[in-house]
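Report on the following structure.
Numbering (the numbering used here), first residue to last: 14 to 313.
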């Protein structure tokens, strides 16, 4: 009887232990699913997409990038054209006094000019030196264009000089003295002083020959110009070009024929602008003169 009771208790204990062990090892049921509905976008994805949309429609950023691109292209054009010109001490002499006192010591400007393009860089380069160069009234008065490197403050600035504003009128060529003595002729009777034309009368024509004489003087100045000779020397060997001088309505203009490369043509135009900028004396009348210019020969 005791054995039967003990065996029954042992069976009950083993059954309870097995049930407890099964309850511990069984996996927990999954949590209940939420009700179906629209899925909200991830917060990180939304944050990354927002700046891209803002950058695509920012007009100020687009304008800044466009301005930077134009500044780089303009600077590169002058930097690449500078070595192609001929050295121009006259242009350097015009610019050197204007930039010599722009920056405090120990900075001193290094100036080099080729044709109408000049290169300027202060050594050492102080802070704000490019702004001081652009703000100088003296420099702006003789410069048509200024370009600086938008990506570096220690590279040179390049300037295109304008032709001189004032220049003395060309002197007429000296006449040759007579080779043989001429007989003395009686003095002509004194001419009546010129009178002003009546309102219904046309103005008297200018004396003949004065316009031709003036144009011969202009041709002499053109052929003697060292700036123009330096421009033609930069052309290809054997280059010749036709220059037409026109005197009309009290103004002197010129027409330069084809035959020069872009850089020598620009240089020659600047030199001719200076030679034809002087005021024309009144009463010369109309006239034309054609001048043939050639590249100066190179001497060994």
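Ideal placement from N, C-alpha and C gives every residue a C-beta, glycine not left out.
Take the Cβ of residue 80 as the centre, count every other Cβ of all protein chains shown within 10 Å, and call the residue buried at 16 or more, exposed below. Your numbering for residue 80 matches position 67 in the chain shown. Classification of residue 80: exposed, given that the 10 Å Cβ count is below 16.
TODO: Would you mind reading off the limits of the beta strand (DSSP E) that contains residue 99?
DONE: Your numbering for residue 99 matches position 86 in the chain shown. Neither: residue 99 is in no beta strand (DSSP E) and is coded neither H nor E.
Exercise. Just to confirm, are residue 301 and residue 259 a CB contact at a threshold of 8 angstroms?
Worked result: For this step, residue 301 is matched to residue 288 along the chain shown. For this step, residue 259 is matched to residue 246 along the chain shown. Result yes, Cβ atoms of residue 301 and residue 259 sit closer than 8 angstroms.
Whose CA, out of 168, 263, 282 and 245, lies closest to the CA of residue 310? By 1-based counting over the chain shown, the position of residue 310 is 297. Here the closest residue by C-alpha is 245.
Fill in: From 280, 91, 173 and 297, residue whose alpha carbon lies closest to that of residue 264
Counted from its first residue, the chain shown places residue 264 at position 251. Selected option, being the one with the closest Cα: 297.
**Where the alpha helix (DSSP H) containing residue 71 begins and where it ends** = As a position in the chain shown, residue 71 is number 58, starting the count at 1. Here residue 71 belongs to no alpha helix (DSSP H), and DSSP marks it neither H nor E.
Endpoints, alpha helix (DSSP H) assigned at residue 230
The count along the chain shown starts at 1 and reaches residue 230 at position 217. Where residue 230 is concerned, the enclosing alpha helix (DSSP H) stretches over 223-237.
(Q) On the CB-based measure, 16 or more other CB atoms within 10 Å of its CB, does residue 299 come out buried or exposed? (A) The count along the chain shown starts at 1 and reaches residue 299 at position 286. By the 10 Å Cβ count, residue 299 comes out exposed.
Expressed to the nearest angstrom, what Euclidean distance is found between the alpha-carbon atoms of residue 180 and residue 249? Translated into positions along the chain shown, residue 180 becomes position 167. Translated into positions along the chain shown, residue 249 becomes position 236. Any reading at residue 180 must be qualified, since the residue scores a pLDDT of 46, below 50, and its modelled position is unreliable; no value is offered.
Discussion item. In this structure, how does DSSP classify residue 243 when only helix, strand and coil are distinguished?
Written reply: Residue 243 sits at position 230 when you count from the first residue of the chain shown. In this structure, residue 243 counts as helix in the three-state DSSP scheme.
Quiz item: Just how far apart, CA to CA, sit residue 13 and residue 99?
Solution: For the chain, the structure presents residues 14 to 313; residue 13 sits outside this window and is missing.
Point to revise | Coil, strand or helix - residue 164 by DSSP | key: Here residue 164 refers to the residue found at position 151 of the chain shown. Coil, per DSSP.
For my contact list, residue 133 and residue 170 are in at a C-beta cut-off of 8 angstroms; report their separation, rounded to the angstrom.
Within the chain shown, numbered from 1, the residue matching residue 133 stands at position 120. Within the chain shown, numbered from 1, the residue matching residue 170 stands at position 157. That pair is a contact at about 5 angstroms.
Helix or strand or just coil, what does DSSP make of residue 277? Walking along the chain shown from the start, residue 277 turns up at place 264. Residue 277: helix per DSSP, three-state reduction.
Margin query: By the DSSP assignment, the alpha helix (DSSP H) with residue 154 in it spans what residues?
Written below: Position 141 of the chain shown, counted from the first residue, corresponds to residue 154. Element bounds for residue 154: 150-155.
Nearest to residue 269 by CA position, among 303, 33, 73 and 242, is which residue?
In the chain shown, residue 269 corresponds to position 256, counting from 1. That would be 303, whose Cα lies nearest to the Cα of residue 269.
What separation, rounded to the nearest whole angstrom, lies between the Cα atoms of residue 117 and residue 136? Here the question's residue 117 lines up with position 104 in the chain shown. Here the question's residue 136 lines up with position 123 in the chain shown. If you take the alpha carbons of residue 117 and residue 136, they lie about 11 angstroms apart.
Own chain, CB closer than 8 angstroms to residue 256, minus 5 neighbours either side, in chain order: Taking the first residue of the chain shown as position 1, residue 256 is located at position 243. Answer for residue 256: 235, 267, 268, 269, 270, 285, 303, 304, 305 and 306, listed in chain order.
| query | What's the gap between the Cα of residue 85 and the Cα of residue 161? | reply | Position 72 of the chain shown, counted from the start, is the residue given in the question as residue 85. Position 148 of the chain shown, counted from the start, is the residue given in the question as residue 161. Straight-line Cα distance between these residues: approximately 8 angstroms.
query: Cα separation between residue 147 and residue 153?
result: Numbered from 1 along the chain shown, position 134 holds the residue referred to as residue 147. Numbered from 1 along the chain shown, position 140 holds the residue referred to as residue 153. If I take the Cα positions, the gap works out to 7 angstroms.
Proximity below 8 angstroms, CB of residue 254 to CB of residue 230: Within the chain shown, the letter at position 241 stands for residue 254. Within the chain shown, the letter at position 217 stands for residue 230. Contact flag unset, no.
Does residue 130 pass the burial test, meaning 16 or more other C-beta atoms within 10 Å, or should it be called exposed? Taking the first residue of the chain shown as 1, we reach residue 130 at position 117. The residue in question, residue 130, is buried, as its Cβ has 16 or more Cβ neighbours within 10 Å.
Self-check item: residue 243 and residue 101 closer than 8 angstroms at C-beta
Solution: Within the chain shown, the letter at position 230 stands for residue 243. Within the chain shown, the letter at position 88 stands for residue 101. Closer than 8 angstroms, so yes.
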